[in-house]
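For the sequence shown, our numbering gives the first residue as 67, with consecutive numbering after it.
Ideal Cβ placement from N, Cα and C applies to all residues, glycine included.
Owing to the predicted nature of the structure, the values given are computational and were not obtained by experimental measurement.
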Amino acid sequence: MLSKNDYQDYLNQIVEVERRMSLNYKNCSKNAQDKNIKRLCNGLSIAEERHAVMVQELVSLLTF
67 MLSKNDYQDY LNQIVEVERR MSLNYKNCSK NAQDKNIKRL CNGLSIAEER HAVMVQELVS
127 LLTF
C-alpha cells in the first residue's frame, strides 16, 4: 500500500515531467519556421504548464 508521502513523491514527479514537456514544446516553437507549428507548440506548452499547476494543487491538498 502506498503512503501519503509515496503519493506526494509520485505527483511531484508528474509535475516535473509536465514542466519538462512544457519547456520542450516552448523550445520547439522557438525553433519552428512554420507558423502553424509555432502556434501548435505554444498551445501545447501552455497546456502542459496548466497540467503541472493542476497536479501541484493536488499535491497541496495532500499536505493537509
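Beta carbon of residue i nearer than 7 Å to that of residue j
{"i": "Ser95", "j": "Glu115", "result": "no"}
{"i": "Gln74", "j": "Val121", "result": "no"}
{"i": "Ala98", "j": "Lys104", "result": "yes"}
Three-way DSSP call (helix, strand, coil) for residue i in this model
{"i": "Gln74", "result": "helix"}
{"i": "Met67", "result": "coil"}
Limits of the unbroken alpha helix (DSSP H) element including residue i
{"i": "Ala118", "result": "101-128"}
Alpha-carbon spacing of residue i relative to residue j, whole angstroms
{"i": "Leu128", "j": "Asn90", "result": "29 Å"}
{"i": "Gln79", "j": "Ser111", "result": "18 Å"}
{"i": "Asn102", "j": "Arg86", "result": "22 Å"}
{"i": "Lys92", "j": "Asp72", "result": "30 Å"}
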